[in-house]
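Note that the protein sequences, when read in sequence, are chains A and B. So for the first sequence, this note's numbering puts the first residue at 1; every next one is plus one. So for the second sequence, this note's numbering puts the first residue at 1; every next one is plus one.
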Amino acid sequence: MMRADRIFGVVMMIVALGYILSAMTIQTSFLSDPVGPRVFPYMVAGVVMISCLVMILRPDPEVHWPVGGMLLQMILALAVLLGYAMLIQPLGFIIPTVIAAGILSWQINPRPVPAALSGLGLGIGLFVLFKFILGLGLQGLPRALMG
Amino acid sequence: MDIFANLAMGFGIALTPYTLMLALIGCFVGTIIGALPGLGPSNGVALLIPISFSMGLSAIPALVLLTSVYYGAMYGGRISSILLNIPGDEPAMMTTLDGYPMAKQGFASDALVISGVASFVGAFLATIGLMFLSPMLAQVAFKFGPAEYFALYMLAFCTLGGIGSNNQAKAALAAAIGLGISMIGLDKTTGMPRFTFGEMHLMDGVDFLVAIVGLFAVAEVFHFIETHGKDSAIGVKLGKITVNWAKLWSTRYAMLRGSGIGFVAGILPGAGASLGSFLAYMTEKSSAKDKSTFGKGNPNGVAAPEAGNNAAAGGALIPMLTLGVPGSGTTAVLLALLLTLNITPGPLLFTERPEVVWSLIASLLIANFMLLILNVPMVKVFVKILQVPSWVLLPGVTMIAFVGIYSLTGSSFDMMLMVAFGVMGWLFRKLDIPTVPVILGILLGNAMEDNMRRAMVLSDGDWTYLFSSPIAIGLWIAAVVGFVAPMFLRGVLKKPPQPSTDIGIPD
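As structure tokens, then:
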């Protein structure tokens, strides 16, 4: 049976091989020390490969993975966080925070009104806290609106 | 003695109103962070580093603030252990064993008072120990050359992987992944880029704060959504806080023993507070005449692990300050704090910047008294805060994580990287791969490589130089033992099961 440990071990094994290949292309300057910039990465990749081999040969018992609706929920959360990371700069702090916090809140407790309220509260409350109490340089609203 | 002269200087800095205020805020915030399940000392401090850095706090105030948070979180962890049977953070796990049964029997107030005082005793004694031991260890650390440091880093990884995880291969993999990530960026010696793939953002390497906040805080979001969060409603009613002096006095030896054991466990690299409280509890249980009362609400079973984990928190600062090698996840985060503030821990810190060390120690002593007051007479305030529903708390924590990284780096790339580390943290948790070695690897990778290369320069490429001095050989032996011994001890050191929650809880 394919266990998650085995799959992960194989994936990391390939990553380690790629890491070694990439390390081989590191340029050394003429001023280098006896070891140079490649040896330590080789050692690290070696440890990864040995550990992966152990994981492939002796995997731990299989864990329970999210399926169906739960998987969709997790993907939604990931999309929200990535979208938030992209939008906070152009749209300012408040609007993306209200939306992202509202969706995350709804995911934990699927009642729309409290979720919307906690999104609004967090968006505005955290902005006040960070901007005016802690003095961080945050942009509140989209740059275009602020002129 | 110059320890007292130094301490007086430290108090001179720490007793200013501004520093006192920061310590008080830190203690308060820290206790909240500790009390909230899912937020512990490591992710709490990790969240606050970028924010306090962006606020422009200078080194000493920032250090005072965040170490107060660290101590506070250690105190606060017990509150939800006792009232909810959910450890507020990992080191508070052992406190649930007797704390929750005590609370169910109607002694919640006693359990909170005893554990609060035990936290104080443990933390206070450990801070005193820190004061006397760290200058001595700093003297020893002067003898360390690159070979010894390389061996010391190996020791930290080996013991952390050996003791702190269930599977040595996974711990080694985690450490190697961290080390591998730390290699990204410009090589210090030659100035050549490594593993950047032409991406400009990666030239400076992966910011360890991005990794820490991602692995510790953002990963929690995914975990929380998947498990749908445990309900954080208080299961046990808490009456008026009264002090039962007789019961408190009866636990004095448990507190002292717990402090001693915790302190030693804290100093050992890789052990940290969780092991401290575990060993303190197990010792108390095995030395008791009547073992059957443990796990059923024995006050000694609350006092010992709390004294143990707080003493370990203090003890863990010693290797971090004198050698620059953190022993646990939380001290790894504190090391990240020092590096962010441009303070290089190590023996030189004690001679070149004594004001940093001694004002830190003085404010830890002060913070302990503040925490005693916050956590015993005023504990009800924190019980109220525990009632914040998770659907407000969790989005809030997530947004704070983003704000911290955003105001620190100002780049979307770093926030995306943080989310990627969050996914990685969630996946690793699923696969039972520890994330603390990853952090440690990212933090120490460059120093470790640097020491190895310097050792090779000194010996002109002779690898046996790494094993040439008695100190280095001792460290290597300790590293091997620390990695291998837990495989055999695992059967002996089994954790006792947590008390079951589903009995006697009103809906």
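Virtual Cβ for every residue (Gly too), placed ideally from N, Cα, C.
Is residue i close to chain A? Criterion is C-beta to C-beta, closer than 8 Å.
| i | result |
| --- | --- |
| W476 of chain B | no |
| T435 of chain B | no |
| Y18 of chain B | no |
| V206 of chain B | no |
| N43 of chain B | no |
| M200 of chain B | no |
| R194 of chain B | yes |
| G145 of chain B | no |
| L179 of chain B | yes |
| E284 of chain B | no |
| K289 of chain B | no |
| S390 of chain B | yes |
| T190 of chain B | yes |
| A172 of chain B | yes |
| G396 of chain B | yes |
| K430 of chain B | yes |
Determine the burial state of residue i: buried for a count of at least 16 other Cβ atoms within 10 Å of its Cβ, exposed for fewer.
| i | result |
| --- | --- |
| Q387 of chain B | exposed |
| M21 of chain B | exposed |
| L126 of chain A | buried |
| V113 of chain A | exposed |
| R257 of chain B | buried |
| R194 of chain B | buried |
| F402 of chain B | buried |
| P110 of chain A | exposed |
| T344 of chain B | exposed |
| A123 of chain B | buried |
| T31 of chain B | buried |
| S287 of chain B | exposed |
| F150 of chain B | buried |
| M183 of chain B | buried |
| Y153 of chain B | buried |
| S292 of chain B | exposed |
| P87 of chain B | buried |
Looking at the C-beta of residue i, does it have a partner C-beta in chain B at a distance below 8 Å?
| i | result |
| --- | --- |
| F8 of chain A | yes |
| Y42 of chain A | no |
| M74 of chain A | yes |
| P142 of chain A | no |
| P114 of chain A | yes |
| I88 of chain A | yes |
| G147 of chain A | With a pLDDT of 48 at G147 of chain A, under the threshold of 50, the modelled position of this residue cannot be trusted, and the question is left open. |
| C137 of chain A | The displayed chain sequence assigns Gly, not Cys, to residue 137 of chain A. It does; some Cβ of chain B falls within 8 Å. |
| I14 of chain A | no |
| A79 of chain A | no |
| L154 of chain A | The requested residue 154 of chain A does not occur in the structure, where chain A is confined to residues 1 to 147. |
| V11 of chain A | no |
| V128 of chain A | no |
| I20 of chain A | no |
| M24 of chain A | no |
| I108 of chain A | yes |
| L104 of chain A | yes |
| L17 of chain A | no |
| L173 of chain A | For residue 173 of chain A there is no data in the structure shown, the boundaries of chain A being 1 and 147. |
Determine the contact status of residue i and residue j, defining contact as a CB-CB distance below 8 Å.
| i | j | result |
| --- | --- | --- |
| P146 of chain B | R454 of chain B | yes |
| L371 of chain B | F120 of chain B | yes |
| L82 of chain A | M418 of chain B | no |
| T95 of chain B | S115 of chain B | yes |
| I433 of chain B | L215 of chain B | no |
| L66 of chain B | G10 of chain B | no |
| G262 of chain B | N298 of chain B | no |
| T127 of chain B | I366 of chain B | no |
| G276 of chain B | G482 of chain B | no |
| M192 of chain B | T28 of chain A | yes |
| L24 of chain B | W358 of chain B | no |
| I20 of chain A | A45 of chain A | yes |
| P269 of chain B | T190 of chain B | no |
| L248 of chain B | A265 of chain B | no |
Based on the DSSP secondary-structure assignment, which residues constitute the bridge partners of residue i?
| i | result |
| --- | --- |
| L186 of chain B | B:P193 |
Assuming residue i contacts residue j (C-beta within less than 8 Å), just tell me the rounded distance between them.
| i | j | result |
| --- | --- | --- |
| G404 of chain B | P50 of chain B | 3 Å |
| P319 of chain B | G329 of chain B | That belief does not hold up - the Cβ atoms of P319 of chain B and G329 of chain B are roughly 14 Å apart, past 8 Å. |
| S109 of chain B | L238 of chain B | 7 Å |
| S22 of chain A | W391 of chain B | Not confirmed; about 43 Å, so no contact. |
| S52 of chain B | A59 of chain B | Between A59 of chain B and S52 of chain B the Cβ distance is about 11 Å, and since that is not below 8 Å, they are no contact. |
| G40 of chain B | D98 of chain B | Not confirmed; about 20 Å, so no contact. |
Mind listing the chain C neighbours of residue i? Cutoff is C-beta to C-beta under 7 Å, in chain order.
| i | result |
| --- | --- |
| E226 of chain B | In the structure shown, chain C does not exist; the protein chains are A and B. |
Just checking residue i against the ligand PLP - is the residue's beta carbon closer than 7 Å to any of the ligand's heavy atoms?
| i | result |
| --- | --- |
| F413 of chain B | The ligand PLP is absent from the structure shown, which contains no ligand whatsoever. |
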